[in-house]
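Enquirer: So for the sequence shown, our numbering puts the first residue at 1; every next one is plus one. Note that CB positions come from ideal geometry on N, CA and C, so glycine has one too.
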Amino acid sequence: MGKWDNSPVWIVSDIDSTLYTNPEYIRLCSIREVTEIARILGISTEKAEQKIMRMRKKLSLRIPREITLTETVYALGLTEDEWGELRCRAWEPEKWIKYDAELCAALEEFRILPNVLGICFATNSPIEIGRRNLYALGIPCESNLLFGPENLECSKPDARFFPRIAASLGVSTTQCVSIGDRGMSDADPAIVAGFCCAFIVEGRNDFICTLRKLTRNIKRGKYHDDCV
Numbered sequence: 001m002g003k004w005d006n007s008p009v010w011i012v013s014d015i016d017s018t019l020y021t022n023p024e025y026i027r028l029c030s031i032r033e034v035t036e037i038a039r040i041l042g043i044s045t046e047k048a049e050q051k052i053m054r055m056r057k058k059l060s061l062r063i064p065r066e067i068t069l070t071e072t073v074y075a076l077g078l079t080e081d082e083w084g085e086l087r088c089r090a091w092e093p094e095k096w097i098k099y100d101a102e103l104c105a106a107l108e109e110f111r112i113l114p115n116v117l118g119i120c121f122a123t124n125s126p127i128e129i130g131r132r133n134l135y136a137l138g139i140p141c142e143s144n145l146l147f148g149p150e151n152l153e154c155s156k157p158d159a160r161f162f163p164r165i166a167a168s169l170g171v172s173t174t175q176c177v178s179i180g181d182r183g184m185s186d187a188d189p190a191i192v193a194g195f196c197c198a199f200i201v202e203g204r205n206d207f208i209c210t211l212r213k214l215t216r217n218i219k220r221g222k223y224h225d226d227c228v
């Protein structure tokens with residue numbers, strides 16, 4: 001979506017299933033989330049799964065897109081604090097994510113290009129989990145370059161999410177590019193917000209390939225008109 005003409009931009013990168021690919025980790029942590037939701041609601045895990053499914057179906061009748069689990073649990077009555085705390089218990093990146101030298105090298109080679117103002121990271125997970133994910137991967141990130149529900153007061157695909165990132169960076173949304181693994185969260189709302197471009201990647205390997213392709217294109221002065 002969009003077109004990046006090599007003007008200087010900030011890169012806004014998703015984390016989960018973008019910087020790393022680990023389906024088993026995602027699956028197990030998702031199960032643990034439901035278990036924690038059931039505990040807070042005071043019901044069995046099976047009943048919690050049913051309530052989540054019914055609420056998602058109900059929400060989908062008035063919201064014409066995929067409904068996130070965050071939206072669903074809020075509709076079920078969980079508070080933002082409860083949801084954030086349970087996710088910090090459910091997710092354990094230190095046990096599942098390893099240092100990734102190839103990823104770090106690709107990010108650094110891209111970051112130092114003159115057309116790149118910087119790279120920041122945006123997640124729907126609690127910022128603590130985002131920070132732990134990046135640390136496990138070996139990616140340095142200043143606290144003011146990691147965005148999530150706590151400092152943006154909203155989550156993807158909320159229409160306020162990406163404009164608030166641009167505002168925090170002190171730039172126009174037209175000076176930002178989004179990279180992530182889900183169109184409904186990482187591309188569609190970014191383009192609507194005015195981001196000049198968005199790339200959808202299928203996990204860690206595709207993310208690295210995309211960065212390397214962009215790096216080559218920038219060095220050759222080639223425009224990026226193949227955004228999704």
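Starting from residue 209, trace the alpha helix (DSSP H) in both directions and tell me its first and last residue.
Expert: Looking at the DSSP string, the run of the alpha helix (DSSP H) that includes residue 209 is 204-220.
Enquirer: I'd like to know whether the C-beta atoms of residue 175 and residue 23 end up nearer to each other than 8 Å.
Expert: Contact: no.
Enquirer: Count the other CB atoms within 10 Å of the CB of residue 124; is the residue buried (16 or more) or exposed (fewer)?
Expert: It is buried - the Cβ of residue 124 has at least 16 other Cβ atoms within 10 Å.
Enquirer: Helix, strand or coil: which one does DSSP assign to residue 116?
Expert: Three-state result, residue 116: strand.
Enquirer: According to DSSP, is residue 12 part of a helix, a strand, or is it coil?
Expert: Note: residue 12 maps to strand in three-state DSSP.
Enquirer: Do the segment 42-59 and the segment 71-78 touch if we need at least three Cβ pairs shorter than 8 Å?
Expert: Verdict: yes, contact present.
Enquirer: On a Cα-Cα basis, can you pick out the residue from 198, 181, 135 and 57 that is closest to residue 18?
Expert: That would be 181, whose Cα lies nearest to the Cα of residue 18.
Enquirer: Anyone know if the C-beta pair for residue 122 and residue 191 falls short of 8 Å?
Expert: For residue 122 and residue 191, no; Cβs fall outside 8 Å.
Enquirer: If I follow the unbroken alpha helix (DSSP H) through residue 73, where does it start and stop?
Expert: Where residue 73 is concerned, the enclosing alpha helix (DSSP H) stretches over 69-75.
Enquirer: Quick check: the Cα distance between residue 84 and residue 126, rounded to an integer number of angstroms?
Expert: Rounded to the nearest angstrom, the two C-alpha atoms are 6 Å apart.
Enquirer: Please tell me whether residue 203 and residue 79 are closer than 8 Å, where the distance is taken between their beta carbons.
Expert: Their beta carbons are not under 8 Å apart, which means residue 203 does not touch residue 79 by this criterion.
Enquirer: Report yes or no: do three or more beta-carbon pairs, one from the segment 131-138 and one from the segment 90-103, lie closer than 8 Å?
Expert: Yes, since at least three Cβ pairs between the segment 131-138 and the segment 90-103 fall closer than 8 Å, the two stretches touch.
Enquirer: Taking the alpha-carbon of residue 141 as reference, which of 55, 131 and 205 has the nearest alpha-carbon?
Expert: The residue with the shortest Cα to Cα distance from residue 141 is 131.
Enquirer: For residue 130, does the three-state DSSP call read helix, strand or coil?
Expert: Helix, per DSSP.
Enquirer: Apart from the five residues just before and just after residue 118, which ones in its own chain have a Cβ nearer than 8 Å to its Cβ?
Expert: If we look at residue 118 and ignore the five residues flanking it on each side, its Cβ neighbours are 10, 11, 111, 145 and 169.
Enquirer: Looking at the structure shown, is residue 176 part of a helix, part of a strand, or coil, going by DSSP?
Expert: Here residue 176 sits in strand by DSSP.
Enquirer: Please classify residue 114: is it buried, with 16 or more other beta-carbons within 10 angstroms of its beta-carbon, or exposed?
Expert: That one is exposed.
Enquirer: The beta strand (DSSP E) spanning residue 198 covers which residue range?
Expert: Residues 197-200.
Enquirer: Taking buried to mean at least 16 other C-beta atoms within 10 Å of its own C-beta, is residue 61 buried or exposed?
Expert: Exposed is the call here.
Enquirer: Going by the beta-carbon positions, is the gap between residue 56 and residue 43 smaller than 8 Å?
Expert: Not a contact, by the Cβ cut-off of 8 Å.
Enquirer: Please confirm whether residue 244 and residue 189 have their CB atoms less than 8 Å apart.
Expert: The structure shown does not extend to residue 244, since the chain spans only 1 to 228, so no value can be given for it.
Enquirer: Which of the three DSSP states, helix, strand or coil, is assigned to residue 96?
Expert: Three-state result, residue 96: helix.
Enquirer: Using DSSP's beta-bridge definition, name the partner residues of residue 122.
Expert: Looking at the DSSP assignment, residue 122 forms a beta bridge with 147.
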